[in-house]
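Residue numbers (the numbering used here): 197 to 439.
Every residue, glycine too, gets a C-beta built ideally from N, C-alpha and C.
This report refers to the structure that appears directly beneath it.
This is the structure:
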């Protein structure tokens, strides 16, 4: 809420729309928001969203992040429980826990230029039912969709060089590691999965049964943590390591 100045002029200022902007050379970094609008389309002069910028802004209902933004900071929208819709454009990277705890979120559009999704980026987004990952994404952190109890569809757009989807599972193609699943997941038995990654099904309370196919040799740490609805699991004798 304060404006700091130095000999080079204003560095931190609040504009007429309530955006608190830190100016660093050519970078226009959004630090916080003190306006009253609940549906936001970020102005094109913003190049980065700082960590915690919108944290716990519970009255925010929708936001459109345009092509000018190159990074979305960690926990930048954490706890925005009223947020129902987000659109992310440009070549942005999504930071760790950026949208964690956004329980009201039902619609996510990740633009075709987005490059990375951080660890726990959408952790606990219980209202989210589907996620589509574009072919531009080359990095996805651990537990990016953990605790998304309503998730029923995971799709990776064809042409992605690092990831693909099958049976509503997110799979790292080269390592044959299942990174994320949901309550409707069926682990492929065609040899495309050899390991279940850390926290892959963490918090998937709607999952009731799992069959681990013969191609899988290892199950990572917290892979089925807090799967309170799980009543049946079949583990093939190919598995030699359970985290």
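About 18 Å separates the beta carbon of residue 376 from that of residue 411, a gap too long to meet the 8 Å contact definition. Taking 4 residues as the shortest admissible run, the segment 226–297 contains no complete alpha helix (DSSP H) segment at all. For the 8 Å CB-CB criterion, residue 274 and residue 251 form a contact. Note that the segment 354–365 does not touch the segment 338–345; fewer than 3 beta-carbon pairs, one per stretch, sit closer than 8 Å. Inter-residue distance for residue 229 and residue 247 is about 12 Å (C-alpha atoms, whole angstroms). Excluding its 5 nearest sequence neighbours in each direction, residue 314 has C-beta neighbours in its own chain below 6 Å: 290, 291, 292, 337, listed in chain order.
In its chain, beyond the 5 residues on either side, 345, 424, 425 have a beta carbon closer than 6 Å to the beta carbon of residue 401. Counting the other Cβ atoms within 10 Å of the Cβ of residue 310 gives 16 or more, which makes it buried.
Residue pairing from DSSP places residue 431 in a beta bridge opposite 408. In this structure, residue 269 and residue 249 form a Cβ contact; the two beta carbons are roughly 7 Å apart against a cut-off of 8 Å. For residue 303, the uninterrupted beta strand (DSSP E) segment begins and ends at 303–306. For the pair residue 388 and residue 318, the Cα-to-Cα distance works out to about 25 Å. The alpha carbon of residue 372 has as its nearest neighbour, out of 382, 413, 304, the alpha carbon of 413.
Taking residue 211 as the centre and dropping the five residues before and after it, the same chain places the C-beta of 217 closer than 7 Å to its C-beta, in chain order. The residues 372, 411, 412, 413, in chain order, have a CB closer than 7 Å to that of residue 390 in the same chain once the five nearest residues on each side in sequence are set aside. If you look at residue 376, you'll find it in the beta strand (DSSP E) that goes 373–376.
Under the three-state reduction of DSSP output, residue 216 falls in the strand class.
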